[in-house]
Amino acid sequence: MEKLIITAAICGAEVTKQHNIAVPYTVDEIAREAKSAYDAGASIIHLHVREDDGTPTQSKQRFKQCMDAIWSVCPDVIIQPSTGGAVGMSNEERLQPITLCPQMATLDCGTCNFGGDDIFVNTENTIIQFANAMKPLNIKPELEVFDKGMVDMAIRLAKKGVIDMPMHFNFVMGVNGGIAGTPRDLVFMIGSLPQGSTYTVSGVGKCQFDMATMSIILGGHVRVGFEDNIYLSKGVKANSNGEMVSKVVRIANELGRAIATPSEARSILGLAQK
Ligand code: KMH
Ligand code: ZN
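All the letters of the sequence shown, read from the start, carry residue numbers 3 to 276 under this note's numbering.
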């Protein structure tokens, strides 16, 4: 089986220090959390950034500061900025980090409820706009899908030539408004992908490690981190993103799945070597 790519979603836009004191806000804290994940076995850092007070921002300058700080301690790691940002941001605001020409960035493939009154808006025209903005910069999109219909949207856009094949998906499962994080639903999502696709699985909340384990077994990849879950196990808060990555590495070791280095992750995803 292909080696396991572990992505660490170290920060997110919604989770705060009130939820877990180790959630990073400052540039130094973001670099610290990235290093903890990288040292434990993560080859991709999925990146949101914050102002020092925790406010989510898509500022190009703040992304550059954080990316430089991460690369100074994790020289070969793949940094994947978010273009989802936080609920309510404009498209122009959200797209700022792609002007730094990262190798990857997220491309959210549909609109969904996001708990309470929040709606995460990604119309078809927005998805096309984001895909068209990434293509000339040679950025590989990670297609964020919160439900099965979003996989179908990506397939339709690939048929029209808007998104290149082979596609790489992230199944975000367990959001209050998206698909549930259950074995049945994961198998359903995997079965919906075109031949040659790769996928990673982000279990949100208490399904994080169950979904990670399923994906390890089924040949997918795994995302963990504070963006998705603040607990290491029931009632025990994680002290770092690295602790969550280490848990995935332990499970993968037990199941006989080797962990990909950043260089191996680049090969699997068809990215240029750094
Ligand atoms: N913060 C969510 C509203 C992404 O990174 O592309 C969107 C999100 C997805 O986190
Ligand atoms: Zn994100």
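Cβ atoms here follow ideal geometry from the backbone N, Cα and C, with glycine treated the same way.
Only a predicted model underlies this, so the values are computations on that prediction, with no experimental measurement involved.
- Sequence-distant partners of residue 167 (beyond 5 residues in either direction) whose C-beta falls short of 6 Å from its own C-beta, in its chain, are 160.
- Scanning its chain for C-beta atoms nearer than 7 Å, with the 5 sequence neighbours on each side dropped, one finds around residue 52 the residues 13, 27, 58, 59, in chain order.
- For the options 218, 155, 35, 198, the alpha carbon positioned closest to that of residue 188 is the one of 218.
- Taking C-beta atoms under 8 Å as the contact rule, residue 210 and residue 231 qualify, at a distance of about 4 Å.
- Contiguous alpha helix (DSSP H) elements confined to the stretch 181 to 214 occur at 185 to 193, taking only those with 4 or more residues.
- The beta carbon of residue 18 sits no closer than 8 Å to any heavy atom of the ligand KMH.
- Per DSSP, residue 225 lies in no alpha helix (DSSP H) segment; the continuous beta strand (DSSP E) that holds it begins and ends at 223 to 226.
- Excluding five sequence positions before and after residue 149, the CB atoms of its chain that fall closer than 8 Å to its own CB belong to 112, 114, 180, 181, given in chain order.
- Judged by the Cβ position, residue 11 qualifies as a neighbour of the ligand ZN at the 8 Å threshold, a heavy atom of the ligand being closer than this.
- The DSSP assignment places complete beta strand (DSSP E) segments of no fewer than 3 residues inside the stretch 71 to 129 at 80 to 83, 106 to 110, in order along the chain.
- The Cβ atoms of residue 82 and residue 105 lie closer than 9 Å to each other.
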